[in-house]
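In the working numbering, the protein residues as written are 479 to 594.
Just so it is clear, CB atoms sit at the ideal spot from N, CA and C, and this is done for glycine as well.
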Amino acid sequence: MIDSTLRTAALALQLTFDPVATEQVVDGTPQTGYAELEPLGAGEVGVWEMTAGAMSDTEVDELFIVIAGSAEVEFVDTGEKVAYGVGDIGRLHAGQRTIWRVADRIRKVYITPPAR
Numbered sequence: 479m480i481d482s483t484l485r486t487a488a489l490a491l492q493l494t495f496d497p498v499a500t501e502q503v504v505d506g507t508p509q510t511g512y513a514e515l516e517p518l519g520a521g522e523v524g525v526w527e528m529t530a531g532a533m534s535d536t537e538v539d540e541l542f543i544v545i546a547g548s549a550e551v552e553f554v555d556t557g558e559k560v561a562y563g564v565g566d567i568g569r570l571h572a573g574q575r576t577i578w579r580v581a582d583r584i585r586k587v588y589i590t591p592p593a594r
């Protein structure tokens, strides 16, 4: 966890990246990295980034703001595809199945509520 009591330069954070698990890779060789910034009650605030490629995921409850790059997110159960770019705010719900498609990278600040 990073002490971000007064200020955090979310774009400048150095993240450690790991390859996406083989069973989640849809295309390419995507990697993800994150840093938890601060607990928020029993919830969490952090920064997450994904590199080029496509991956599947099962989401948790989350509100996010894109601060760099872009992605197309396909919501598997409905077939809806949403493009997210810098400045966009997104909302994910626990259990949603998604496919994230990234041409270069996407970095977002995320907020998750306390576990129920």
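- prompt: Since Q509 and S534 are thought to touch, with beta carbons under 8 Å apart, how far apart are those beta carbons, to the nearest angstrom?
  reply: No, Q509 and S534 are not in contact; Cβ-Cβ is about 15 Å, not under 8 Å.
- prompt: Thinking C-beta only, is A530 closer than 8 Å to R583?
  reply: yes
Beta-carbon contacts of P497 that lie in its chain and below 6 Å, excluding the five residues immediately before and after: Q509
- prompt: If you drop the 5 nearest sequence neighbours on each side, which residues of the same chain put their C-beta closer than 6 Å to that of P591?
  reply: G521, D539
- request: Count the other CB atoms, across all protein chains shown, that sit within 10 Å of the CB of G565; report buried if there are 16 or more and exposed otherwise.
  value: exposed
query: Buried or exposed: A532, going by 16 or more other Cβ atoms within 10 Å of its Cβ?
result: buried
- request: Compute the beta-carbon to beta-carbon distance between L595 and A513, rounded to the nearest angstrom, for a pair I have assumed lies under 8 Å.
  value: Within the shown structure, residues of the chain are numbered from 479 to 594, placing residue 595 beyond reach of any answer.
field: A499 to I543 span [Cα, whole Å]
entry: Their backbone Cα atoms lie some 24 Å apart in a straight line.
task: Work out the CA separation of T486 and I589 for me, nearest whole Å.
output: 15 Å
task: Quickly, what does DSSP pair Q509 with across the bridge? List them, please.
output: P497
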